[in-house]
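Engineer: Handing you a structure now.
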Ligand code: HEC
Ligand code: HEC
């Protein structure tokens, strides 16, 4: 197990507990108790509205955690309220996780945070549709035979064209991992250029440049200014292009350097691979 993560969870639960306790004292001191304060953290009677929570999630969380909360820059959130508890998750939503990229949303009310958690709860049951049913041992062998390590790093071993997979099992659900194997580019989180959330996924977006002399260069953008753009091609070679020399320069959303394994691996093999990836939870 990843003890750092465990410790952090304990700390988060404690933090949420202190916050609830404080809120309780404040409302007592003010001589008034709102209905929310009377509920125990496990109260099943929370009149939360998952529909509103879904909208709030789309606006505030999806850019990092993915449209279906299956993971993006932030981890997969399926099953998280069940393991951390609703109160803790609400505390995380309001206050963020200090020292990480998880921001607090001071503009969301307690009620809104509760609605988001209610929405996340509705996803818990959906997770069971894609459990890691495969054999992780076979999956590890497949990983080594399929050339994955040419592009991916696990615990310091492998290439760096694609994202590091050392903790991918802690960050993603089985369903989202399988989708990535089958249709890599299509499942790239949609990211704009330097949008409000500036995403690391932007680096995997493919560009296609055609020079006036007809030469075509395709690759990931590793640098750009007003006059030049640098693309890294599938072979890892860098191409510095002078923009005035280009006939066209287009983004290719939906494309990825990662090949699809939909047809090259059987369904059972894909499940084995996913089962292996799900074991990757911490830097050893
Ligand atoms: C800017 C990106 C970003 C946004 C926006 C964001 N998160 Fe996060 N979130 C993260 C990252 C990164 C982590 C992992 C932090 C860590 O532990 O290193 C995280 C962690 C979490 C966790 C803890 C998961 C666990 O298993 O420990 C929860 C719960 C969570 N986020 C919920 C939300 C919700 C709900 C929203 C919207 C209100 C939201 N986040 C918005 C990036 C984001
Ligand atoms: C030619 C390079 C290349 C090869 C080979 C390759 N990948 Fe990838 N992979 C990428 C790139 C680039 C991305 C990021 C863009 C994307 O998701 O399409 C990626 C993304 C991923 C992700 C998503 C990571 C995340 O954080 O969500 C997983 C999982 C993954 N690859 C697994 C594999 C496995 C397993 C194999 C072997 C069966 C493999 N890849 C082979 C380049 C590659």
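In our numbering, the protein residues as written are 8 to 291. All C-beta atoms, glycine included, are put in the ideal place defined by N, C-alpha and C. All values reported here derive from a predicted model rather than from experimental measurement.
(1) Taking 7 Å as the cut-off, is the CB of residue 260 close to at least one heavy atom of ligand 2?
(2) Can you round the beta-carbon distance between residue 280 and residue 149 to whole angstroms, since I take them to be within the 8 Å contact cut?
(3) For residue 287, does the three-state DSSP call read helix, strand or coil?
(4) By how many angstroms is the C-alpha of residue 220 removed from the C-alpha of residue 175?
(5) Does DSSP put residue 58 in a helix, in a strand, or in coil?
(6) Taking just the CA atoms, how far does residue 224 sit from residue 173?
(7) In this structure, what does DSSP give as the bridge partners for residue 147?
(8) Alpha carbon to alpha carbon, how far is residue 101 from residue 108? Give it in angstroms, no decimals.
(9) Please say whether residue 216 and residue 253 have beta carbons closer to each other than 8 Å?
(10) Would residue 267 and residue 190 be called neighbours here (beta carbons separated by less than 8 Å)?
(11) Within this structure, are the beta carbons of residue 158 and residue 264 separated by less than 8 Å?
(12) If you run the structure through DSSP and keep just helix, strand and coil, what is residue 248?
(13) Is the beta carbon of residue 262 less than 8 Å from the beta carbon of residue 227?
(14) Which residue wins for smallest C-alpha separation from residue 284, given the options 274, 209, 161?
(15) Just checking residue 175 against ligand 1 - is the residue's beta carbon closer than 7 Å to any of the ligand's heavy atoms?
(16) Would residue 125 pass as a contact of residue 75 if the rule is Cβ separation under 8 Å?
(17) So, with DSSP's three-state summary, where would you put residue 255?
(18) Are residue 127 and residue 84 close, meaning C-beta to C-beta below 8 Å?
(19) Thinking just about the alpha-carbon of each residue, which of 86, 68, 256, 104 is nearest to the one in residue 177?
Structural biologist: Reading from the atomic positions:
(1) Not under cutoff, so the answer is no.
(2) With a Cβ gap of about 5 Å, residue 280 and residue 149 count as contacting.
(3) The answer is coil: DSSP assigns residue 287 none of H, G, I, E or B.
(4) Going by the C-alpha atoms only, they are around 42 Å apart.
(5) If DSSP states are grouped into helix, strand and coil, residue 58 belongs with the helices.
(6) In a straight line, the C-alpha of residue 173 is about 31 Å away from that of residue 224.
(7) Per DSSP, residue 147 has no beta bridge partner at all.
(8) Between residue 108 and residue 101, the C-alpha separation is close to 14 Å.
(9) Yes. Within cutoff.
(10) Yes, the Cβ-Cβ distance between residue 267 and residue 190 is below 8 Å.
(11) Going by C-beta atoms, residue 158 is nearer than 8 Å to residue 264.
(12) Three-state result, residue 248: strand.
(13) Remark: C-beta atoms of residue 262 and residue 227 do not approach each other more closely than 8 Å.
(14) Checked all of 274, 209, 161; the closest Cα to residue 284 is 161.
(15) Residue 175 has its CB no nearer than 7 Å to any heavy atom of ligand 1.
(16) In this structure, the beta-carbon distance from residue 125 to residue 75 does not fall below 8 Å.
(17) Strand, per DSSP.
(18) The answer is yes: Cβ separation under 8 Å.
(19) If we check each option's Cα against that of residue 177, 86 comes out closest.
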